[in-house]
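Novice: Can you read through this structure? Questions will come right after.
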Amino acid sequence: MSNNASTSSPSELLYDDPSISGPDMAFNNGQVDGYTEEFDSSLPNLTSNTDPDWDITQWTAPGYFDPTNPDTNDTADSDPLLNGDPIAKWSAVSGNVSSGLAVYKSSQYGFTYALTQAGGSNTDVFLQTKEQNAGVANTFDHQLTFSANERITNVEPNGDNTTWFCYNAFTFAFNLSGKYSVPAASYFAQAVMADNRGQETADSGNGTSLSTGVFNVSNNDTYQDTSGAWHIDAIDAVDSLPLEDDTSFHQVTINLNAMLDSLISALSLKYPQYATYYQDLSDWTLTGSYIGPEGVSSGSTDPSYSATMEVNDIKITSGDSADQSYSAANQKIVQVSDGQASTIKVYNESSVIHLPSDGSSDIILSSYSGSGVKSITVDAEGTDDTINLNGYNAIIDLSNINGYLTITPSSGYENITLNGTGAVNISGSFNGSITDNRTDKGDFVQSGGTANSSTGTDGNSTSSTSSCSNTSSTPTVTDITIQRDVTQYLSPTTDSSTILSLDGGLNLDGGKNVTMVGSYKYFNLFGLTGDTQIASALSGTGTIAEASGTPGITLSSSYASLNVNDSNISVFSYGGELTHTGTGNTTAYGDMGQMYIYGGTDNNIGVSLAGVGALYDATGNIGVTLEDSASNLTLDGPSYDYITAGDGSVTFNNGASGNITAAQTHSTGLYVNANGGQVDYQATSDTNATITIGGGQANLTYDQGYTASVLDMSSEAVETIKGFDPANGEIVLTHLGSEGIGGLSISYENGDALISSAGQAARLEITGIGSSRVEAFSSLGGQDFSTTYGSTSAILALAK
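Structural data, given as structure tokens:
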């Protein structure tokens, strides 16, 4: 089992600590020679010592730092915690895009590196490893651990309207020695430490695409039980840094073996034929690390922010003993001292939140939008765990906890069930019910309230081009490099080929065991067989047809357009366009300009849509956020999808169903056309929504904002409305029968109103109106509703 870093054997440094060795290190110049990153021939001259173990790396930068020309008189960035002014500062600016590096020297922290990024598209500045210390094991049968002091500063709005995040990241290589007759591989394993889209985004694993070689650790755990059923549980595996101007450093510890175990678990699910090979930790190698911020042009933050990541006391250690083995158990991967509580979400009430035994957890309960979860089960196994109920009822298993569990109510009226044994402290006023099933009922403390006790019982994504080192290939590969603005026409005849593009173009007709990496302005791929491994960025147009495996493509700009036919596909988009037809499933995350998906039974989609989108007979786990009034989504065919919107339009046809959660209206409001299966809508935000119902079942909850329901009485639709009040919405009935308003039948039962029209099939139920009565009007204030809606129509009102 992968041991927690705190209990590992004696260890050695894989890299010298740059807080001690100092900033006289190599700076890259933005160029790549084949697979190799190029560096400036000169080093800074700030100390009497050079550091060969680390370097400063920038990608797609507004300008590249001159290592010999720092600003040594910077007073604007003075910091008393770090002994005042920096000893050196570099900066590069182009419009709203800027990069910066400042180096401080203090007796307490040694050298501190302040890495700043604002705006840009995959624009970053990293403190990156360069050379490992000789004689120190870098394979994962040893305990490998990362630790550092880190904090976020200089958080401020940035006019570029882009996403900012920062991470501690590592490159993990598999089978470099050729020990097994399976494909070699290299993965960018990333722990996002802060994200301006919120802490939940930082901890979500957004951006993971195994086929593109990117793995972000997260608080999600996917597994298969003994019956073969699949589950998605939550685990408090990852802490993050507060995105605020922090006055002190946080100790960050990353158990790299636990990080790799999480990657291996995901790979074993995706490629079960290789699982036994992946689980041999002696065949995995740590080949590098990079620390710092990145800006991406996702346009999903309003306002956008830039910030600085500061780091010192960096240690990457290797245990002396080769005593580690793969473990599928839940483990703490990223631990942050004095960090913020993690908001952990579940998909449904059958999900369980696991608190690992090798750390202390501080979590806030939550669920994904539209899931309907009211009660959450928590398996508490850590040391002195803390749970904020956040309005949810909780079932808590204390069988394996170490120390106390602290429970913090939110509303004060949640219900708690305690199972197993273990000590409990309820902090704050609590007036809900407690069902105490513990076999040992000692050590129970409640600080306030009048609880009743009993016994019994809801993609920073980074591109795979973020680093250009540590790329490996098998000995039989034919390597081809396509230079910028050059287009290659290839029909490979070898058993395997590796193709690297540096913003070139590719027409590829056939090919077996093709590996494709790099950035492409154009490609056309057809008839790929065998073990296809594609991890590439596309900035222009691309076509993939009849490709084996699951190609992984990053649409790197709003001009990128990808067409896929008869293939699986995994896409992360920064505003591009995706069309998928024929057989195969779609995995898509990020920001989509346009998206058209035809078919697929196991799709996984979580995108923000800026323009037109359509899903026809596409099922799976599907979530779409409409960005603004230009967003227009059509769902056609049996499915149940999750939509978040305050503007734009959604149309449900031919059995399509979904849950719509309101977001705040910014311009014209939200328009929904419900002609399909079941539509559930909750007005939980200041939204102006018009919902036209021409078929199926509609369940609407009126609350905030203003909701207008338009029900076609000539259809077979059934509508239920909860929370209706003339102040928060209106109800219109159209296409009334030959008797018009006189044919309406309104009856009452248990405080609900039941409404129908003579000779017509549609039905309306308005719940919870109490003693109020429903009245129908064909006109009000000079407005004739039949004229307005183009058929015999009436509006409903409540008389109290």
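Residue numbering for the sequence shown follows full-length UniProt numbering, starting at 1 and increasing by one per position. For every residue, glycine included, the Cβ atom is placed at its ideal position computed from N, Cα and C.
#1: Does glycine 600 come out as helix, strand or coil in the three-state DSSP assignment?
#2: Helix, strand or coil for lysine 332 per DSSP?
#3: Leaving aside the five residues before and after glutamate 349 along the sequence, list all residues of the same chain whose C-beta is less than 7 Å from its C-beta, in chain order.
#4: Give the range of the beta strand (DSSP E) segment to which alanine 341 is assigned.
#5: Spatial neighbours of leucine 798 within its chain, please: C-beta separation below 8 Å, excluding the five flanking residues on both sides.
#6: For residue 806, which option in Asp195, Lys512, Trp284 and Phe215 has the closest C-alpha, if you only look at C-alpha atoms?
#7: Quick test of your reading: aspartate 591 and serine 608, contact by CB under 8 Å. State the CB separation rounded to the nearest angstrom.
#8: Have a look at leucine 670 and leucine 764 and give me their C-alpha separation to the nearest angstrom.
#9: By how many angstroms is the C-alpha of asparagine 621 removed from the C-alpha of serine 463?
#10: What is the C-beta distance between asparagine 513 and serine 496, in whole angstroms, given that I count them as a contact (C-beta under 8 Å)?
#11: Put proline 70 into one of helix, strand or coil per three-state DSSP.
#12: Please classify threonine 139: is it buried, with 16 or more other beta-carbons within 10 angstroms of its beta-carbon, or exposed?
#13: Where does the unbroken beta strand (DSSP E) through methionine 516 begin, and where does it stop?
#14: For the alpha helix (DSSP H) that contains alanine 237, what are its first and last residues?
#15: Please report the residue range of the alpha helix (DSSP H) in which isoleucine 20 lies.
#16: Taking all protein chains shown into account, do 16 or more other C-beta atoms lie within 10 angstroms of the C-beta of glutamate 38, making it buried, or fewer, making it exposed?
#17: Classify phenylalanine 777 as buried or exposed, calling it buried when 16 or more other Cβ atoms lie within 10 Å of its own Cβ.
#18: Kindly give me the distance between the Cβ atoms of alanine 88 and threonine 308, rounded to whole angstroms, as I take these residues to be in contact under 8 Å.
#19: Looking at aspartate 602 and the ligand NAD, is the gap between the Cβ and the nearest heavy atom below 7 Å?
#20: Pull up the distance between the alpha-carbon of valine 477 and that of threonine 498, whole angstroms please.
#21: Count the other CB atoms, across all protein chains shown, that sit within 10 Å of the CB of phenylalanine 49; report buried if there are 16 or more and exposed otherwise.
#22: Per DSSP, lysine 315 is paired with what?
#23: Just to confirm, is the Cβ distance from glutamate 294 to asparagine 96 under 8 Å?
#24: How do the region 242 to 255 and the region 145 to 155 stand: do at least 3 beta-carbon pairs fall below 8 Å, yes or no?
#25: The beta strand (DSSP E) that contains lysine 105, what's its start and end?
#26: Can you round the beta-carbon distance between proline 23 and phenylalanine 126 to whole angstroms, since I take them to be within the 8 Å contact cut?
#27: Could you compute how far the alpha carbon of glutamine 783 sits from the alpha carbon of threonine 720?
#28: The alpha helix (DSSP H) spanning leucine 256 covers which residue range?
#29: Can you grab the Cα-Cα spacing for the pair serine 11 / serine 318, in whole Å?
#30: Among Leu525, Leu538 and Ile534, which one has its Cα closest to the Cα of glutamate 546?
#31: Would you check if the distance between the CB atom of tyrosine 15 and the CB atom of tryptophan 54 is smaller than 8 Å?
#32: Using C-beta distances below 7 Å, list every residue in its chain close to alanine 717, excluding the 5 sequence neighbours before and after it, in chain order.
#33: Assuming contact is defined by CB atoms lying nearer than 8 Å, are serine 501 and leucine 528 in contact in what I supplied?
#34: Looking at C-alpha atoms only, which residue of Thr515, Val352 and Leu555 is the closest neighbour of serine 186?
#35: My parser needs the beta strand (DSSP E) runs of 3 or more residues fully inside the region 742 to 775; what are they?
#36: Should the region 214 to 221 be regarded as contacting the region 318 to 327, the criterion being three or more beta carbon pairs within less than 8 Å?
Specialist: On the basis of the supplied data:
#1: coil
#2: coil
#3: Val373 and Ser375
#4: Premise fails: alanine 341 is in no beta strand (DSSP E) and is neither H nor E.
#5: Contacts found: Phe724, Asp725, Pro726, Ile769, Ser772, Arg773, Val774 and Glu775.
#6: The structure shown does not extend to residue 806, since the chain is modelled only from 1 through 800, so no value can be given for it.
#7: 5 Å
#8: 22 Å
#9: With a pLDDT of only 28 at serine 463, under the threshold of 50, the placement of this residue in the model should not be trusted; the figure read from the coordinates follows. Cα-Cα distance, rounded: 23 Å.
#10: 4 Å
#11: coil
#12: buried
#13: 514 to 528
#14: Note, alanine 237: premise wrong, no alpha helix (DSSP H); not H, not E.
#15: 18 to 21
#16: exposed
#17: exposed
#18: That pair is no contact at about 15 Å.
#19: For the structure depicted, the ligand NAD is absent and the ligand set is empty, with no information on it obtainable.
#20: Interpretation of valine 477 is limited by its pLDDT of 36, a score under 50 that renders its predicted location unreliable; no figure is taken from the coordinates.
#21: Looking at the sequence shown, residue 49 is not phenylalanine but asparagine. Exposed: under 16 other Cβ atoms inside 10 Å.
#22: Ser147
#23: no
#24: yes
#25: 97 to 106
#26: With 8 Å as the limit, proline 23 and phenylalanine 126 do not qualify as a contact, their Cβ atoms being about 14 Å apart.
#27: Using only the alpha carbons, I get a separation of about 26 Å.
#28: 256 to 270
#29: 5 Å
#30: Leu525
#31: yes
#32: Ile693, Gly694, Gly695, Gly696, Ala698, Leu711 and Ala762
#33: no
#34: Of the candidates Thr515, Val352 and Leu555, Thr515 places its Cα closest to the Cα of serine 186.
#35: 744 to 749, 752 to 757 and 763 to 767
#36: no
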